Structures are given as structure tokens and as C-alpha cells.
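Chemist: Numbering (the working numbering), first residue to last: 142 to 414.
All C-beta atoms in this analysis are idealised placements derived from N, C-alpha and C, irrespective of residue type, glycine included.
Model, not experiment: these values are computed from the prediction.
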Ligand code: ADE
């Protein structure tokens with residue numbers, strides 16, 4: 142997979158040399174190009190922003206540097222269709238970045254990122270490139286960052302670990318919280334490793350019982366418990382058919398019950414335990 146990032150802070154992308162993404166680069170599974178937007182400015186001050194039309198606070202990133210930088214990044218290898226690039230624009234007003242979207246992006250050969258600073262990029266830039274390639278405007282969460290570079294790191298890491306051969310164990314993503322197609326999208330429960338005792342704390346006996354069925358059930362119950370506590374919306378969203386008899390018993394213990402429409406809801410008095 143090829144990645145291009147156009148930014149006014151190229152050094153912000155240095156973490157792309159580290160850990161899983163760094164190793165994928167070293168192995169040639171990821172081909173990363175970081176471009177300094179200011180190389181496509183032609184004035185003494187290397188200006189990339191200007192005041193917004195219509196007034197208001199903040200500054201808007203200018204069309205010309207972005208257009209020239211993106212043209213340059215795209216010049217080598219551009220084609221249309223499934224072999225061509227997609228443009229990823231991190232913005233708090235984008236669609237939520239989810240595991241499903243990470244999977245979709247991981248199937249593309251070439252991602253071009255346009256992280257903005259200030260109040261964003263002049264809209265005409267997005268509209269222009271949308272005529273040449275799919276554009277994904279994505280938000281990594283309901284908060285406002287100072288710029289899109291951290292979001293580029295987030296999206297890149299989520300996508301890179303899905304590429305064939307990047308994670309040691311291909312089964313590792315099957316159990317991911319939010320893995321698409323999972324029976325019910327539950328959060329993963331707690332995990333433990335050696336030693337068996339630490340500061341007087343033990344590990345759950347079931348995990349050393351050698352009983353695979355019981356271990357799987359315990360993990361499922363813990364996943365239900367954690368999801369009910371931290372992301373009740375995920376349980377509310379599930380069709381009742383996603384839950385087996387034991388799931389229902391656990392949900393009932395946690396204060397949830399099915400409604401006639403087949404969804405689960407939690408008795409209000411059960412919310413604060
Ligand atoms: N830029 C600023 N805030 C952002 C967010 N929440 N997601 C993606 N890009 C952003």
C-alpha cells in the first residue's frame with residue numbers, strides 16, 4: 142500500500158517510522174511519502190492560510206498550495222478506478238472513522254491524506270479532487286484537535302494492521318472489538334498473563350482450567366459485562382438473535398431485558414451498580 146501525507150508539520154508524522162507501521166515500511170509492505178505543504182508556496186512567508194470569506198474567526202488553508210502539492214503527490218502513478226488513489230481528509234465534521242471504514246480503506250492500494258490546520262481547507266480543493274478520486278472526510282471522534290495529523294496516525298495504524306502479513310497472526314483481527322460481521326459487536330474483556338500472582342492479585346481460575354468451553358463462555362460474559370458498562374449503545378443496537386441463551390442470562394444479571402421488537406434495553410434502576 143502506498144501512503145502520501147501532505148502537511149505543514151512533516152515531523153509530526155515521524156511516528157510512522159516506529160512499531161507496527163515502521164516495520165511494515167521496513168518490510169516494503171507500506172510505501173510512505175510525507176510532503177511539506179510549504180514547498181508549494183511562492184511568497185517570502187510561505188503562506189498557507191488566509192482570512193475566511195464571509196468573515197469569522199480563524200484562518201482557512203489556501204487553494205493553491207494544496208492543489209499544487211496534491212497534483213505533485215498524484216503525478217506519479219495516478220489512475221482512476223480501484224487501482225487509483227483515494228483522498229482521506231481528517232476533519233471533525235467528517236463521517237465517523239470506524240473499523241468498517243478501516244477495512245474498506247485497507248482494500249485500497251493508495252491513500253493520500255490531507256490533514257488541515259486552522260479552520261480547514263478551502264472547500265474548492267475537496268470538490269476538485271472529488272472529481273478525480275473517492276474522497277473520505279473522516280472524524281476520529283467527537284472532539285476537536287488542533288490539526289488532522291494525529292488523525293492521520295490513527296487511521297494509518299488502524300489500516301496498516303489489517304494489511305496482509307503485517308500482523309503476525311492473521312486471526313488477531315478476527316476477535317477485534319468492532320470487527321465487522323461479528324455476531325454482536327462487543328468490546329473485548331480483560332486479559333491476563335504470567336505470573337499467576339502479582340501483589341496478592343490472582344488470575345481468574347477458569348483461565349487455567351484447561352476447559353476451552355468454559356473459557357470461551359467466561360470471555361463472552363466479560364465482554365458482555367464490559368460492553369454493558371462502557372458502550373450500552375452497542376447492546377441496544379444488536380438484534381436479539383445476536384445473543385444465545387447464556388448471553389441472555391448474563392444480560393439479565395446485568396439488568397437488561399428484551400423488548401417485543403427483539404432489542405435489549407436496560408432497566409433504568411440497573412444503570413448505576
Ligand atoms: N481534526 C481536528 N479534529 C479532528 C477529529 N476529531 N477527527 C479528525 N480530524 C480532526
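How is the alpha helix (DSSP H) around residue 354 delimited, first residue to last?
Modeler: By one-based count along the chain shown, residue 354 stands at place 213. 353-371 is the extent of the alpha helix (DSSP H) around residue 354.
Chemist: Inspect the beta-carbon positions of residue 407 and residue 397 and report whether they are closer than 7 Å.
Modeler: For the purposes of this step, residue 407 is taken as residue 266 along the chain shown, with counting starting at 1. For the purposes of this step, residue 397 is taken as residue 256 along the chain shown, with counting starting at 1. In this structure, residue 397 lies closer than 7 Å to residue 407 by Cβ.
Chemist: In three-state terms, what does DSSP make of residue 113?
Modeler: Given a span of 142 to 414 for the chain in the structure shown, any question on residue 113 remains unanswerable.
Chemist: Return no unless some Cβ of chain D is closer than 7 Å to the Cβ of residue 314.
Modeler: The structure shown contains no chain D, having only a single protein chain.
Chemist: Strictly by DSSP, which residues pair up with residue 133?
Modeler: In this structure the chain extends from 142 to 414, so residue 133 is not present and cannot be described.
Chemist: How far does the beta strand (DSSP E) with residue 277 in it reach, from first residue to last?
Modeler: In the chain shown, residue 277 corresponds to position 136, counting from 1. Element bounds for residue 277: 276-280.
Chemist: Can you tell me whether residue 364 is buried or exposed, with buried defined as 16 or more other CB within 10 angstroms of its CB?
Modeler: Here the question's residue 364 lines up with position 223 in the chain shown. Buried, by the Cβ-count rule.
Chemist: Cα separation between residue 192 and residue 261?
Modeler: Residue 192 sits at position 51 when you count from the first residue of the chain shown. Residue 261 sits at position 120 when you count from the first residue of the chain shown. Cα to Cα, residue 192 sits roughly 11 Å from residue 261.
Chemist: Between the Cα of residue 153 and the Cα atoms of 188, 385, 290 and 187, which residue gives the shortest distance?
Modeler: Position 12 of the chain shown, counting from 1, holds the residue named residue 153. Minimum Cα distance to residue 153 is reached at 290.
Chemist: Provide the residue span of the beta strand (DSSP E) that contains residue 145, from first to last.
Modeler: Translated into the one-based positions of the chain shown, residue 145 becomes position 4. Residue 145 -> beta strand (DSSP E) spans 143-148.
Chemist: Please report the distance separating the alpha-carbon of residue 326 from that of residue 296.
Modeler: For the purposes of this step, residue 326 is taken as residue 185 along the chain shown, with counting starting at 1. For the purposes of this step, residue 296 is taken as residue 155 along the chain shown, with counting starting at 1. Between residue 326 and residue 296, the C-alpha separation is close to 20 Å.
Chemist: Just how far apart, CA to CA, sit residue 288 and residue 308?
Modeler: If you number the chain shown from 1, residue 288 lands on position 147. If you number the chain shown from 1, residue 308 lands on position 167. Cα-Cα distance, rounded: 29 Å.
Chemist: Can you tell me the Cα-Cα spacing of residue 323 and residue 314, whole angstroms?
Modeler: Reading the chain shown from its first residue, position 182 is the one you call residue 323. Reading the chain shown from its first residue, position 173 is the one you call residue 314. A caution first: residue 323 carries a pLDDT of 49, below 50, which makes its placement in the model too unreliable to give a value.
Chemist: Please give me, in chain order, every unbroken run of the beta strand (DSSP E) with length at least 3 that falls completely inside the segment 219-300.
Modeler: Those beta strand (DSSP E) runs which fall completely within the segment 219-300 and span 3+ residues are 227-237, 251-254 and 276-280.
Chemist: With H, G and I counted as helix, E and B as strand and the rest as coil, what does DSSP make of residue 417?
Modeler: This structure cannot speak to residue 417, because the chain is shown only from 142 to 414.
Chemist: Would you report the Cα separation of residue 300 and residue 293, rounded to the nearest angstrom?
Modeler: Here residue 300 corresponds to residue number 159 of the chain shown, with the count starting at 1. Here residue 293 corresponds to residue number 152 of the chain shown, with the count starting at 1. So the two alpha carbons sit approximately 10 Å from each other.
Chemist: Where residue 452 and residue 399 are concerned, what is the direct C-alpha to C-alpha distance, given to the nearest angstrom?
Modeler: The structure shown has nothing for residue 452, since the chain only spans 142 to 414.
Chemist: Looking at the unbroken beta strand (DSSP E) that takes in residue 388, where does it start and where does it end?
Modeler: The residue you call residue 388 lines up with position 247 of the chain shown. Here residue 388 belongs to no beta strand (DSSP E); instead the alpha helix (DSSP H) covers 386-394.
Chemist: If you check the beta carbons only, do residue 231 and residue 256 fall under 7 Å apart?
Modeler: Position 90 of the chain shown, counted from the start, is the residue given in the question as residue 231. Position 115 of the chain shown, counted from the start, is the residue given in the question as residue 256. Result yes, Cβ atoms of residue 231 and residue 256 sit closer than 7 Å.
Chemist: Looking at the secondary structure, which residues open and close the beta strand (DSSP E) in which residue 170 lies?
Modeler: For the purposes of this step, residue 170 is identified with residue 29 of the chain shown, where counting begins at 1. Note, residue 170: premise wrong, no beta strand (DSSP E); not H, not E.
Chemist: For the ligand ADE, is there a heavy atom less than 6 Å away from the beta-carbon of residue 281?
Modeler: As a position in the chain shown, residue 281 is number 140, starting the count at 1. It does: the Cβ of residue 281 is within 6 Å (strictly closer) of some heavy atom of the ligand ADE.
Chemist: Give the C-beta separation of residue 182 and residue 206 to the nearest angstrom, bearing in mind that I take them to be a contact with Cβ-Cβ under 8 Å.
Modeler: Looking up residue 182 in the chain shown gives position 41. Looking up residue 206 in the chain shown gives position 65. That pair is a contact at about 5 Å.
Chemist: Assign residue 368 to buried or exposed, taking buried as 16 or more other Cβ atoms, counted over all protein chains shown, within 10 Å of its Cβ.
Modeler: Along the chain shown, read from residue 1 onward, the residue named residue 368 stands at position 227. So residue 368 ends up on the buried side.
Chemist: I want to check one thing, is the minimum distance from the CB of residue 294 to the heavy atoms of the ligand ADE below 6 Å?
Modeler: Indexing the chain shown from 1 puts residue 294 at position 153. No, Cβ of residue 294 sits at least 6 Å from all heavy atoms of the ligand ADE.
Chemist: Report the CB separation of residue 84 from residue 236 in whole angstroms; it is logged as a contact under 8 Å.
Modeler: Since the first residue shown for the chain is 142 and the last is 414, residue 84 is missing from the structure and cannot be characterised.
Chemist: How many angstroms separate the CA atom of residue 218 from the CA atom of residue 251?
Modeler: Along the chain shown, read from residue 1 onward, the residue named residue 218 stands at position 77. Along the chain shown, read from residue 1 onward, the residue named residue 251 stands at position 110. Using only the alpha carbons, I get a separation of about 10 Å.
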